[in-house]
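Last residue of the sequence shown: number 748 in our numbering, and the count goes up by one each step with no gaps. Note that beta-carbon positions come from the ideal geometry of N, C-alpha and C, so glycine has one too.
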Amino acid sequence: MRSPWPSSLQDDAVGNKRDKNKTDWVEATLSEFDGVRYLHLDSIWVQGAMRVKKPDRLELEYVQRMMAWMLWRDAADMTSGRAVQLGLGAGALSRFTRRQLKMKTTAVEINPTVISACRHWFHLPEDDDRFQVLNQDAGAWVADAAHWGTAAVLNVDLYDHEAAAPVLDDQQFYSDCRAVLADGGLMTVNLFGRSASFARSAARIATAFGSDQVWHLTPTREGNTIVVAARGVQVPDREELERRAAFIEERFDLPARKWLKLVRPLPMNIINQIRD
473 MRSPWPSSLQ DDAVGNKRDK NKTDWVEATL SEFDGVRYLH LDSIWVQGAM RVKKPDRLEL
533 EYVQRMMAWM LWRDAADMTS GRAVQLGLGA GALSRFTRRQ LKMKTTAVEI NPTVISACRH
593 WFHLPEDDDR FQVLNQDAGA WVADAAHWGT AAVLNVDLYD HEAAAPVLDD QQFYSDCRAV
653 LADGGLMTVN LFGRSASFAR SAARIATAFG SDQVWHLTPT REGNTIVVAA RGVQVPDREE
713 LERRAAFIEE RFDLPARKWL KLVRPLPMNI INQIRD
């Protein structure tokens with residue numbers, strides 16, 4: 473089920489396409505079904521979702537799994553530092569890190585119509601001293617040395633309206649992502665799409681971070697594979713991971729015990745590819 477934006481709200485909520493001096497961005501559209509509001513980029517592909525009566529809940533399973541980085545952080549400082557989201561989607565991760573985790577949060581989104589849609593329809597907080605949405609190119613943002621070493625958490629979910637593969641997925645991009653992280657920082661990446669290659673993308677991430685600092689969760693039913701990469705993190709033992717998972721479930725109502733069962737090291741064929 474998919475419905476366009478109400479025509480009376482399009483210019484205000486999605487951006488004025490009639491201005492010939494502006495880039496002709498793919499417009500954000502929305503649909504609603506069974507109490508859930510979905511964001512699209514003028515296509516059937518879902519770019520994000522929000523349960524209308526529970527806007528701070530992470531509705532989509534793959535978005536919940538983007539929070540799996542929490543397993544690699546000690547409970548005492550799990551929510552410290554700055555969270556950065558590349559690709560705003562429906563703003564679910566940014567809302568969660570800002571409101572639930574109380575982290576200083578920055579989102580980087582190139583399409584201004586997505587930002588407008590999130591402001592109007594997806595309860596995106598207004599900018600303040602702890603929350604900022606930047607209408608910028610994510611690749612240029614991570615390449616800017618002024619941002620290196622500033623993020624404790626980096627969530628990467630970059631797709632266009634075709635959702636064929638990640639928009640940014642080259643070796644330099646992942647190297648810049650690592651540079652953005654502070655020591656002990658963690659990145660999650662959503663790998664999905666008709667033309668996407670898990671092996672190719674994972675090898676690039678592992679080249680940037682080191683194969684011993686990269687893990688993945690088994691794919692969702694929809695085919696989303698979440699990769700977790702760390703900058704200098706010592707992996708705790710199983711008992712400690714289980715304690716953290718229990719804490720995350722109790723404190724933040726996220727299925728962390730399930731994540732723990734789904735976490736895998738990189739396959740040997742990818743590690744061998746890096747060595748070769």
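Q. According to DSSP, is Asp655 helix, strand or coil?
A. The residue labelled residue 655 in the question sits at position 183 within the sequence shown. Strand.
Q) Taking C-beta to C-beta, are Ala624 and Ala654 nearer than 8 Å? A) Within the sequence shown, the letter at position 152 stands for residue 624. Within the sequence shown, the letter at position 182 stands for residue 654. Result yes, Cβ atoms of Ala624 and Ala654 sit closer than 8 Å.
Q | N- and C-terminal bounds of the alpha helix (DSSP H) containing Gly695 | A | Residue numbering aside, residue 695 sits at position 223 when the sequence shown is read from its first letter. Neither: Gly695 is in no alpha helix (DSSP H) and is coded neither H nor E.
Q: Using DSSP bridges, identify the partner residues of Glu504.
A: Stepping through the sequence shown from its first residue, residue 504 is reached at position 32. For Glu504, which the question treats as bridged, DSSP gives the partners Arg509.
Q. Which of helix, strand or coil does DSSP assign to Gln557?
A. Counted from its first residue, the sequence shown places residue 557 at position 85. Note: Gln557 maps to strand in three-state DSSP.
Q) With distances taken between CB atoms, is the gap from Phe670 to Thr697 smaller than 8 Å? A) Translated into the one-based positions of the sequence shown, residue 670 becomes position 198. Translated into the one-based positions of the sequence shown, residue 697 becomes position 225. It is a contact, given that the beta carbons lie within the stated cut-off.
**Q.** Exposed unless 16 or more other CB atoms sit within 10 angstroms - verdict on Asn493
**A.** Here residue 493 refers to the residue found at position 21 when the sequence shown is read from its first residue. Below a pLDDT of 50, predicted positions are generally treated as unreliable, and Asn493, at 42, falls in that range; the measurement from the model is reported next regardless. So Asn493 counts as exposed.
Q: Under 8 Å by Cβ, that's how I've got Ala564 and Met522 pegged, so tell me the actual separation to the nearest angstrom.
A: What you label residue 564 is simply residue 92 of the sequence shown in a count that begins at 1. What you label residue 522 is simply residue 50 of the sequence shown in a count that begins at 1. Yes, Ala564 and Met522 are in contact; Cβ-Cβ is about 6 Å, under 8 Å.
Q: For Val614, name the three-state secondary structure that DSSP assigns.
A: Taking the sequence shown and counting its residues from 1, the one referred to as residue 614 is at position 142. Helix.
Q) Short check: CB of Val524 to CB of Gly507, under 8 Å? A) On the sequence shown, residue 524 is found 52 positions in, with the first residue counted as 1. On the sequence shown, residue 507 is found 35 positions in, with the first residue counted as 1. Between Val524 and Gly507, the C-beta gap is smaller than 8 Å, which places the two residues in contact.
Q) beta strand (DSSP E) containing Gln604: first to last residue? A) Position 132 of the sequence shown, counting from 1, holds the residue named residue 604. Start and end: Phe603 to Leu606.
Q: Measure the CB-CB distance between Val699 and Ile677 and report whether it falls below 8 Å.
A: Working through the sequence shown from its first residue, we reach residue 699 at position 227. Working through the sequence shown from its first residue, we reach residue 677 at position 205. Yes, they are a contact pair.
Q: Give me the Cα-Cα distance between Ala637 and Leu663, rounded to the nearest whole angstrom.
A: Numbered from 1 along the sequence shown, position 165 holds the residue referred to as residue 637. Numbered from 1 along the sequence shown, position 191 holds the residue referred to as residue 663. The straight-line gap from Cα to Cα measures roughly 8 Å.
**Q.** Lys733, enclosing alpha helix (DSSP H) - first and last residue
**A.** By one-based count along the sequence shown, residue 733 stands at place 261. In this chain, the alpha helix (DSSP H) harbouring Lys733 covers Ala728 to Leu734.
Q) Would Asp629 be called buried (16 or more neighbouring beta carbons within 10 Å of its own) or exposed? A) One-based indexing of the sequence shown puts residue 629 at position 157. Asp629 is buried by the Cβ-count criterion.
Q: Would you list the one or two residues that DSSP bridges to Trp687?
A: As a first step, residue 687 is located in the sequence shown; it is residue number 215 there, counting from the start. Per DSSP, Val700 and Pro737.
Q) For Thr585 versus Glu504, is the C-beta spacing smaller than 8 Å? A) Within the sequence shown, numbered from 1, the residue matching residue 585 stands at position 113. Within the sequence shown, numbered from 1, the residue matching residue 504 stands at position 32. The answer is no: Cβ separation not under 8 Å.
Q) Skipping 5 residues on each side, what residues in its chain have a beta carbon closer than 7 Å to that of Tyr720? A) Taking the first residue of the sequence shown as 1, we reach residue 720 at position 248. The sequence as given places Ile at residue 720; Tyr does not occur at that position. Closer than 7 Å at the Cβ level, and outside the excluded window around Ile720, lie Met542, Leu726 and Ala728.
Q.
Using only the alpha-carbon positions, how far apart do Ile746 and Asp600 sit?
A. Taking the sequence shown and counting its residues from 1, the one referred to as residue 746 is at position 274. Taking the sequence shown and counting its residues from 1, the one referred to as residue 600 is at position 128. Straight-line Cα distance between these residues: approximately 42 Å.
Q.
Considering just the uninterrupted stretch of the beta strand (DSSP E) at Thr577, what are its terminal residues?
A. Position 105 of the sequence shown, counting from 1, holds the residue named residue 577. Element bounds for Thr577: Lys576 to Val580.
Q | Buried/exposed call for Pro739, threshold 16 Cβ in 10 Å | A | If you number the sequence shown from 1, residue 739 lands on position 267. Counting Cβ neighbours within 10 Å, Pro739 comes out exposed, since fewer than 16 surround it.
Q | CB of Asn627 within 8 Å of CB of Thr578, strictly | A | Here residue 627 refers to the residue found at position 155 when the sequence shown is read from its first residue. Here residue 578 refers to the residue found at position 106 when the sequence shown is read from its first residue. The answer is no: Cβ separation not under 8 Å.
(Q) Determine whether the beta carbon atoms of Trp544 and Ala702 lie at a separation below 8 Å. (A) Mapped onto the sequence shown, residue 544 falls at position 72. Mapped onto the sequence shown, residue 702 falls at position 230. Yes, the Cβ-Cβ distance between Trp544 and Ala702 is below 8 Å.
Q: Rounded to whole angstroms, what's the CA-CA distance from Phe568 to Gly553? Just pull it up for me.
A: Residue numbering aside, residue 568 sits at position 96 when the sequence shown is read from its first letter. Residue numbering aside, residue 553 sits at position 81 when the sequence shown is read from its first letter. The alpha-carbon atoms of Phe568 and Gly553 are separated by roughly 14 Å.
Q. What are the boundary residues of the beta strand (DSSP E) that Gln519 is part of?
A. Numbered from its first residue, the sequence shown carries residue 519 at position 47. Val518 to Arg523 is the span of the beta strand (DSSP E), which, as asked, contains Gln519.
Q) With respect to the alpha helix (DSSP H) encompassing Leu628, which residues constitute its N-terminal and C-terminal limits? A) For the purposes of this step, residue 628 is taken as residue 156 along the sequence shown, with counting starting at 1. Rather than Leu, the amino acid found at residue 628 in this sequence is Val. Segment Ala623 to Val628 is the beta strand (DSSP E) holding Val628; no alpha helix (DSSP H) there.
Q. Which same chain residues, not among the five before or five after Thr679, have their C-beta less than 6 Å away from its C-beta?
A. Here residue 679 refers to the residue found at position 207 of the sequence shown. Closer than 6 Å at the Cβ level, and outside the excluded window around Thr679, lie Ile746.
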